[in-house]
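Since the structure comes first, as structure tokens, the remarks are kept for the end.
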Amino acid sequence: MIDKVVATAAEAVADIPDGASLAVGGFGMSGVPVTLVAALLEQGATDLETVSNNLGVDGFGLGTLLAAGRIRRTIGSYVGNNKEFARQYLAGEVEVELTPQGTLAERLRAGGAGIPAFYTPAGVGTLVADGGLPWRYAPDGSVAVRSPAKETREFDGTTYVLEHAIVTDFALVHAWKGDRHGNLVYRRSSRNFNPDCATAGRITIAEVEHLVEPGELDPDEIHTPGIFVQRVVDAAGVEKQIEFRTMRPTAPDEES
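Written out as structure tokens, the structure is:
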């Protein structure tokens, strides 16, 4: 078997060119491949197209690439919690293809499974299916690019819309554990878009918190088989952040 461990994150992303498409795991601040994103920011690739649930938050994850003006287009399902993302979208600086969250996950999964397209009821009767969603605004606030209408078809009396699979040039994912052969295990909520992104990339690069030797992972606990992963980076001690910290009020009898 091939040892897929790369010495540094910088080396792992060195060949990502300008204009590349990237499937990037994570949801909010959970399971984001921040080590790889930081290395890509330093590397300098620009004019990128990203596929991710969201573009991180201001100053974190993909939000850093966005703020540096390095993302040309993104496919995702959520714009909130990132003021710079909203500003660039409304100013016409970035093109945004908004996609229902479940549809986005299935488009990535289908791409990894070799399925070119699929029918889903999500979005039927809305601009998602009928077309007209603003993909890009003009500087004057008018809509410069609108989404096209999609094919629909009826099955057993129910209308469905055809959605195309997503396959990207590269995928960047974050895993809790991984071995030198590229087998990956995700932990709790970090098992979000990471498994789907991992299979959708032609070249998948995984950062792992705990790098283990082949044979140390129980085959039954592996979420992404190593056949889908080309490069592994040891990201021990990676910084984690909390998107929202909620504290309950202190009860009177708990006050000191």
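Heads up: the sequence shown begins at 1 in the UniProt record's numbering, then just goes up one per residue. Note that the Cβ used here is the ideal one computed from N, Cα and C, for glycine as well.
Query, Result
"Cα-Cα separation between Gly102 and Tyr160, rounded to whole angstroms", "14 Å"
"Segment contact flag, the region 115 to 135 with the region 144 to 156, C-beta cutoff 8 Å, min 3 pairs", "yes"
"Pairwise C-alpha distance: Ala171 and Leu22", "5 Å"
"First through last residue of the beta strand (DSSP E) which encompasses Thr152", "152 to 155"
"Cα-Cα separation, His210 to Met29", "19 Å"
"Whole-angstrom distance between Val124 and Gly226, CA atom to CA atom", "37 Å"
"Cβ neighbour criterion (16 or more within 10 Å) applied to Ala129", "buried"
"Identity of the residue in Glu207, Ala113, Phe193, Thr152 nearest Asp179 by Cα", "Glu207"
"Candidates Thr50, Gln230, Ala117, Pro219: closest to residue 260 by CA position", "The displayed coordinates of the chain run from 1 to 256. Any statement about residue 260 would go beyond what the structure contains."
"Reference Ala122, options Thr99, Val185, Thr46, closest by Cα", "Thr99"
"Euclidean distance between Cα positions of Ala117 and Ala110", "7 Å"
"Val24 to Gly76 span [Cα, whole Å]", "10 Å"
"Ala91: first and last residue of the uninterrupted alpha helix (DSSP H) it sits in", "83 to 91"
"Identity of the residue in Thr8, Val32, Asp18, His164 nearest Asn192 by Cα", "Val32"
"Nearest to Ala38 (by Cα), restricted to the options Ala14, Ser52, Asn53, Glu84", "Ala14"
"Residues near Ile71 in its chain [Cβ-Cβ closer than 8 Å; skip 5 each side]", "Leu48, Glu49, Thr50, Leu55, Leu62, Leu65, Val94"
"When Gly112, Pro249, Glu221, Phe60 are compared against Phe228, the one with the closest alpha-carbon", "Gly112"
"Contiguous beta strand (DSSP E) assignments of at least 3 residues, all confined to the region 113 to 165", "117 to 120, 134 to 137, 143 to 146, 152 to 155, 158 to 164"
"Residues bridged to Glu49 (per DSSP)", "Ser21, Arg73"
"Own chain partners of Thr204 with C-beta closer than 7 Å, once the 5 adjacent residues on each side are dropped", "Ala171, Val173, Ala198, Phe228, Val229, Gln230"
"Backbone CA spacing between Asn154 and Thr120 [nearest angstrom]", "The sequence given here places Glu at residue 154; Asn does not occur at that position. Their Cα atoms are separated by approximately 11 Å."
"Residue-chain proximity (Ser147, chain C), Cβ-Cβ < 7 Å", "Given the protein chain composition of this structure (a single chain), no chain C is represented."
"C-alpha distance - Val167 paired with Arg87, whole-angstrom precision", "28 Å"
"Pairwise C-alpha distance: Gly59 and Gly69", "13 Å"
"Presumed contact (8 Å Cβ cut-off) between Ala67 and Ile115, rounded CB distance", "So it is not a contact: roughly 35 Å between Cβ atoms."
"Which of helix, strand or coil DSSP assigns to residue 258", "Within the shown structure, residues of the chain are numbered from 1 to 256, placing residue 258 beyond reach of any answer."
"Chain-order list of residues whose beta-carbon lies under 8 Å from that of Ser189 (same chain, five-residue window excluded)", "Phe27, Ser30, Gly31"
"Sequence-distant residues of its chain with Cβ nearer than 7 Å to Ala105 (five each side left out)", "Phe193, Asp196"
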